[in-house]
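Chains as they are written, first to last, in my numbering: chain A, 413 to 826; chain B, 33 to 190. Backbone N, C-alpha and C define an ideal beta-carbon position, used for all residues, glycine too. First the structure, in the form of structure tokens, and then the observations on it.
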Amino acid sequence: MRHLIIGSGPAGVIAAETLRKAAPAAEITLLCGEGEPPYARMAIPYLLKGEIDEAGTHIRKDADHYDRLRINLVQARARAIDIANRTVDLGGGRSLSFDRLLIATGSHPSLETIPGMDLPGVHSCWTLEDARSILAKARPGTRVVQMGAGFVGCIIMEGLLSRGVDLTILVRSGYMVRRMMNPTASSLIRSWCEARGVKILTRTQPLGITAGDGALQVTLPDGRTLPADLYLSAVGVDPNLDFLAGSGIDVDRGILVDPTMQTSVAGIYAAGDVAEATDCLTGRRQLNAIQPNAVEQGRIAALNMAGKPAQFRGSFVFNVLTTLGLVSSSFGEWQGVPQGESTEVLDEARYRYLNLQFEGDRLVGANCVGFADHVGAFRGLIEGRVRLGKWKQRLLDDPTRIMEAYLAAAHKVA
Amino acid sequence: MQKSLHLDPNKCTGCLQCEMACAWENHRSFTIAKSRIKVFTFHHEGRFVPYTCTQCDEAWCMTACPVDAIRLDPVTGAKIVLEPTCVGCKVCTIACPFGTINYVASTGKVQKCDLCGGEPACAKACPTGAITYVDADWTGLGKMRQWAGKTDTNPATV
């Protein structure tokens, strides 16, 4: 049996390892599309800070790891899939045949549609190659204009500031990390950043970028121009689907998968950022570009590819973010649900905030800023759909007792 | 036979010797905030509950780690954090549905129970037998794993 995996991010690597365990004799090929060994984008912020070298970003550290597991790493990008002949076109006349295929091609940065995006000095911050370019250009005094303050935009700030740059952040909407954080949490993060010397302009979408006076000139809607030595574009990500056009594999916003992670074409699976699976809270199909989801889907897909039935029970969105040292996290239905209840506690001076969202006597969402202990229990409570009973009222009175509520309600220890 | 920590809230008096022993073992300090085992207090019920990682088979933390910094100790079965490799991204802290792997701001790394390499300091320090290190079958591990199964998105295992 020939297993081919397109994409060497966390979903692809975990899938390859799971396959090897489940199918000791199978042939396993892992396509790496960037000319790099499998690496973790999650580690790039720490590379920018200088805390690790490039090897520190690698998903597996032992040099012979893939050889030992007989996983063939092939450096190539998939151009197209031929579902009738069971081949993947790699360009340049090369192609690979497969019996089972996993598409784990991840995401790419969304492209801003303003003039000047092709100028030298305009970068995304997504790949190792992007990080190398940023490291080469970001020096003490470098004027950096960054568009976007979502997850990626926030998590790279510390690395940029640690290099002594002058950082201005443009935010299209009214507030930062708006897809993870409610306005209170977001404004705490904003004031934390501003207190550390970051200039933040909200409701600002640049009109274009030009080159002049030995720098980039970023034109703002109010007519001002901001000079920049480096323009970083971090306005979100989109799944890598282009090569699937005309393939016959059903795609909506992502690749549609069933609970076994199989696509509309038998024997072809998808996992990670590209897969559109079911949200276990809302029951709706959605993209869920987070690490724990990628590895879980990769594992489930691989088991099915190896002929061992396994079902993905759905996931929900949760994430943890560090913005210049301030830890925040976001879980599930943090915006609340109709007829739901909520509670919160805020200590603005100490940058601490906790907001809980309930539906009946179950926790369905949360936002945390400055609370980092035992946050995994939020996942346990939400995903386990744990009934809080009398602990719901206690949490409404004091949301910081979340861990006691978890132990009492989920483990029945009190 | 692998051993595991057996935590019995019925015997816990909340003395926090375990937290001090853990903090000393791992940080050479008695700062109990840095302990990997925690005793939670339930005033209404008059109860103390010691709690730490069960070294679960699913090993959510280990699977979710993007940089290979959590490994299996083949001798004890513990999932252990390799500090020099950990970048401090905290993905494991939200992946673990038990809340038992935590970020330590002073080190910039995460930490979790590693069973002290097979001689857990908390069990040694516990004066009432609320924390013991016994054959895995004796513990409530099976019960907890059953519960973990409810949050598990994967009924099949390899």
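Considering only residues of the same chain and omitting the five flanking positions on each side of residue i, which have a CB-CB separation below 8 Å?
i       : result
I827(A) : Only positions 413 to 826 of chain A appear in the structure, and residue 827(A) is not among them; the question remains open.
D511(A) : M413, R414, H415, R498, G679
N594(A) : W746, Q747, N767, N779
So that I know if they touch, is there some Cβ in chain A lying closer than 9 Å to that of residue i?
i       : result
A96(B)  : yes
T132(B) : yes
E51(B)  : no
P152(B) : no
A188(B) : Only weak support exists for where A188(B) lies, its pLDDT of 36 falling under 50; the value from the coordinates is given anyway. Yes, A188(B) lies at the interface with chain A (some Cβ there is under 9 Å from its Cβ).
K70(B)  : yes
G140(B) : yes
T164(B) : no
T63(B)  : no
A157(B) : no
A137(B) : yes
Applying the 10 Å Cβ sphere with the 16-neighbour rule, what's the burial state of residue i?
i       : result
G772(A) : exposed
V564(A) : buried
P704(A) : buried
H535(A) : buried
R602(A) : buried
V107(B) : exposed
R696(A) : exposed
T183(B) : Low per-residue confidence applies at T183(B): pLDDT is 44, beneath 50, and the placement is therefore not dependable, though the value from the model is reported in the following sentence. The residue is buried, with at least 16 neighbouring Cβ atoms inside 10 Å.
G586(A) : exposed
E816(A) : buried
D100(B) : buried
E524(A) : buried
G421(A) : buried
Find the residues of chain A that neighbour residue i, judging by a C-beta separation of less than 9 Å, and give them in chain order.
i       : result
K122(B) : V732, L733, T734, V739, S741, A784, V787
D167(B) : Within 9 Å Cβ-Cβ: nothing; D167(B) doesn't reach chain A, min ~21 Å.
V81(B)  : E816, L819, A820, H823, V825, A826
F74(B)  : E816, L819, A820, V825, A826
T86(B)  : Per Cβ cutoff of 9 Å: no residues; T86(B) is ~10 Å from chain A at best.
Using C-beta distances below 7 Å, list every residue in its chain close to residue i, excluding the 5 sequence neighbours before and after it, in chain order.
i       : result
A640(A) : R555, V556, V557, A627, L628, V630
R68(B)  : C54, N58, T84, Q143, K144, C145
A820(A) : W803, A826
N186(B) : Below a pLDDT of 50, predicted positions are generally treated as unreliable, and N186(B), at 38, falls in that range; no measurement from the model is reported.
At a Cβ threshold of 9 Å, is residue i touching chain B?
i       : result
I417(A) : no
M413(A) : no
M588(A) : no
M569(A) : no
V707(A) : yes
H535(A) : no
I426(A) : yes
Below 8 Å on C-beta distance, what does residue i contact in chain A?
i       : result
A127(B) : Q703, P704, G788, R791
P41(B)  : V825, A826
V113(B) : Correct list: empty, because the minimum Cβ distance to chain A is about 14 Å.
Might you give, ordered along the chain, the residues of its own chain that have their beta carbon closer than 6 Å to the beta carbon of residue i, omitting 5 neighbours on each side?
i       : result
L502(A) : A488
S513(A) : Per the sequence shown, residue 513(A) should be read as Leu rather than Ser. Same-chain partners within the cutoff: L416, I680.
E756(A) : N767
Strictly below 7 Å CB to CB, what residues from chain A border residue i?
i       : result
T160(B) : The premise fails here: T160(B) is roughly 16 Å from chain A at the closest Cβ pair, so nothing lies under 7 Å.
D100(B) : I471, R472, K473
E77(B)  : A826
V107(B) : Correct list: empty, because the minimum Cβ distance to chain A is about 19 Å.
Just checking: is the beta-carbon of residue i within a distance shorter than 9 Å of some beta-carbon in chain E?
i      : result
W56(B) : Here chain E cannot be found, since the structure's protein chains are A and B.
By the criterion of Cβ-Cβ separation under 7 Å, what are the contact partners of residue i in chain B?
i       : result
P422(A) : P98
I464(A) : V119
M454(A) : P98, C121, V123
Could you name the residues of chain B that residue i contacts, counting a contact when the two beta carbons are closer than 8 Å?
i       : result
Y458(A) : V119, G120, C121
Meets three-Cβ-pair contact criterion under 8 Å: the region 448–457 of chain A and the region 717–727 of chain A: no
Determine contact between the region 616–627 of chain A and the region 797–811 of chain A, defined as no fewer than three beta-carbon pairs at a distance below 8 Å. no
Count Cβ pairs between the region 110–118 of chain B and the region 71–84 of chain B that sit closer than 8 Å; are there 3 or more? no
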